[in-house]
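2 protein chains.
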Amino acid sequence: MAPYRRHVFVCTNQRDPSHPRGCCADKDGANIREAMKAAMEQAGLSGTVRVNKSGCLDQCEHGVTMVVYPDGVWYGFVKLADIEEIIRSHLIDGEPVERLRLPDACVNTSRCPHRGGTVQLGLGGL
Amino acid sequence: MAPYRRHVFVCTNQRDPSHPRGCCADKDGANIREAMKAAMEQAGLSGTVRVNKSGCLDQCEHGVTMVVYPDGVWYGFVKLADIEEIIRSHLIDGEPVERLRLPDACVNTSRCPHRGGTVQLGLGGL
């Protein structure tokens, strides 16, 4: 059998509450992962898509953060209410949810505006 | 800045010791992830390659298991002694370490011979 068609990693990292960057655990990361897993099973995606919790994805200011591979699509500020759309649009229909997507200017850089940087974003609702 | 060039997820899932499938935590998963992270930093890969711990990758009989994205390359039975080769060959030179690679017939299926299944493998050393 082939490996998973898509593999989702949801950050559930817990930091000390005093940490200035915050953490995904404090933003409901574990519940979001559990709810996503349950919704995917209900959608019949078990065996073709897997959703795992992960350690710190280092996108703390964008939490709850998740990444979908092999696409390499990063989502930020994900809430429980967003799960259904991610599953339907991205994991079933193959269309990433643009409104939740983190632009390259945000991922993996301290120059991201959410970290106090100065990079210009083309990011609407965030 | 672009997202990570490669993203490694190492299973560190802990199961009850009596579980018949075993678990990666009992096979040194956490130490392997820590050692890999340290070795990658030493190799100057911080910022371009990230190594995270993950929850159960559901390849328990192949532990310690890891997956490298976006390549979608799965490794099984990884030991501390294998880390240097994975970093040098795959993460730096882009050549997966074939001797550690899990074939598709092993990943994501209960028919895998390591789970008591009957699929024929072209797998040398495992």
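Order-wise, the sequence lines are chains Z and Y.
Count along the first sequence starting at 1, add 1444, and that's the number in the working numbering.
Count along the second sequence starting at 1, add 1444, and that's the number in the working numbering.
The beta carbon of each residue, even a glycine, is placed where N, CA and C say it ideally should be.
Nothing here was measured: the structure is a model prediction, and the numbers come from that model.
Could you check where the beta strand (DSSP E) with Y/Arg1494 kicks off and where it finishes?
Along the second sequence, read from residue 1 onward, the residue named residue 1494 of chain Y stands at position 50. Counting along the chain, the beta strand (DSSP E) containing Y/Arg1494 begins and ends at 1493-1498.
Have a look at Z/Asp1548, Z/Gly1491, Z/Gly1560 and flag the residue whose alpha-carbon is nearest the alpha-carbon of Y/Asn1552.
As a first step, residue 1552 of chain Y is located in the second sequence; it is residue number 108 there, counting from the start. Ranking Z/Asp1548, Z/Gly1491, Z/Gly1560 by Cα distance to Y/Asn1552 puts Z/Gly1491 first.
Beta strand (DSSP E) containing Z/Arg1450: first to last residue?
Working through the first sequence from its first residue, we reach residue 1450 of chain Z at position 6. First-last of the beta strand (DSSP E) with Z/Arg1450: 1450-1455.
Within the 7 Å Cβ cut-off, does Z/Asp1548 reach chain Y?
For the purposes of this step, residue 1548 of chain Z is taken as residue 104 along the first sequence, with counting starting at 1. A Cβ of chain Y is located within less than 7 Å of the beta carbon of Z/Asp1548.
Could you please tell me which residues of the region 1485-1518 of chain Z, in chain order, have their CB closer than 8 Å to any CB of chain Y?
Answer set for the region 1485-1518 of chain Z: Gly1491, Arg1494, Asn1496, Lys1497, Ser1498, Gly1499, Cys1500, Leu1501, Asp1502, Val1511, Tyr1513, Pro1514, Asp1515, Gly1516, Trp1518.
Less than 6 Å between C-beta atoms, sequence neighbours within five positions excluded: which residues of the same chain meet that for Y/Gly1466?
Here residue 1466 of chain Y refers to the residue found at position 22 of the second sequence. Cβ-Cβ distances below 6 Å link Y/Gly1466 to Cys1504 in the same chain, with the five nearest sequence neighbours on each side left out; the list follows chain order.
At least three beta-carbon pairs within less than 8 Å, the region 1499-1518 of chain Y to the region 1539-1552 of chain Y
Enough Cβ pairs lie closer than 8 Å, so yes.
Locate the alpha helix (DSSP H) running through Y/Lys1481, then write down its first and last residues.
For the purposes of this step, residue 1481 of chain Y is taken as the residue at position 37 of the second sequence. Per DSSP, Y/Lys1481 belongs to the alpha helix (DSSP H) from 1473-1486.
Expressed to the nearest angstrom, what Euclidean distance is found between the alpha-carbon atoms of Y/Ala1536 and Y/Ala1483?
Along the second sequence, read from residue 1 onward, the residue named residue 1536 of chain Y stands at position 92. Along the second sequence, read from residue 1 onward, the residue named residue 1483 of chain Y stands at position 39. Note on residue identity: the sequence assigns Ile, not Ala, to residue 1536 of chain Y. Put simply, the backbone Cα of Y/Ile1536 is about 12 Å away from that of Y/Ala1483.
Let's test the definition: count the other Cβ atoms within 10 Å of the Cβ of Z/Asn1475 and tell me whether it reaches 16, buried, or not, exposed.
Position 31 of the first sequence, counting from 1, holds the residue named residue 1475 of chain Z. Exposed, because fewer than 16 other Cβ atoms sit within 10 Å of the Cβ of Z/Asn1475.
Give me the Cβ distance between Y/Val1508 and Y/Cys1455, rounded to the nearest whole Å; I'm assuming they're in contact under 8 Å.
Along the second sequence, read from residue 1 onward, the residue named residue 1508 of chain Y stands at position 64. Along the second sequence, read from residue 1 onward, the residue named residue 1455 of chain Y stands at position 11. Beta-carbon to beta-carbon, Y/Val1508 and Y/Cys1455 are separated by about 7 Å, close enough to satisfy the 8 Å threshold.
State the start and end residues of the unbroken beta strand (DSSP E) segment that holds Z/Val1511.
Counted from its first residue, the first sequence places residue 1511 of chain Z at position 67. Segment 1510-1513, the beta strand (DSSP E) holding Z/Val1511.
Measuring only the C-alpha atoms, how far is Z/Leu1501 from Z/Tyr1448?
Taking the first sequence and counting its residues from 1, one reaches residue 1501 of chain Z at position 57. Taking the first sequence and counting its residues from 1, one reaches residue 1448 of chain Z at position 4. Straight across, the Cα-Cα distance linking Z/Leu1501 with Z/Tyr1448 is about 21 Å.
Alpha carbon to alpha carbon, how far is Z/Arg1532 from Z/Lys1523?
For the purposes of this step, residue 1532 of chain Z is taken as the residue at position 88 of the first sequence. For the purposes of this step, residue 1523 of chain Z is taken as the residue at position 79 of the first sequence. Rounded to whole angstroms, Z/Arg1532 and Z/Lys1523 show a C-alpha spacing of 15 Å.
Spatial neighbours of Z/Pro1464 within its chain, please: CB distance less than 6 Å, with the 5 preceding and 5 following residues excluded, ordered by chain position.
For the purposes of this step, residue 1464 of chain Z is taken as residue 20 along the first sequence, with counting starting at 1. Excluding positions up to five away in sequence, the list is empty.
Could you name the residues of chain Y that Z/Asn1552 contacts, counting a contact when the two beta carbons are closer than 9 Å?
Here the question's residue 1552 of chain Z lines up with position 108 in the first sequence. Close to Z/Asn1552, with beta-carbon spacing below 9 Å, are these residues of chain Y in chain order: Met1445, Ala1446, Pro1447, Tyr1448, Gly1491, Thr1492, Arg1494.
Under the rule that 16 or more other beta-carbon atoms within 10 Å means buried, what is Z/Glu1462, buried or exposed?
Working through the first sequence from its first residue, we reach residue 1462 of chain Z at position 18. The sequence shown places Ser at residue 1462 of chain Z, not Glu. Residue environment: Z/Ser1462 is assigned as exposed (fewer than 16 neighbouring CB atoms within 10 Å of its CB, all protein chains considered).
Taking the alpha carbon of Y/Ala1479 as the reference point, which residue from Y/Ala1525, Y/Arg1459, Y/Arg1559, Y/Ser1554 has its own alpha carbon closest?
As a first step, residue 1479 of chain Y is located in the second sequence; it is residue number 35 there, counting from the start. Of the candidates Y/Ala1525, Y/Arg1459, Y/Arg1559, Y/Ser1554, Y/Ala1525 places its Cα closest to the Cα of Y/Ala1479.
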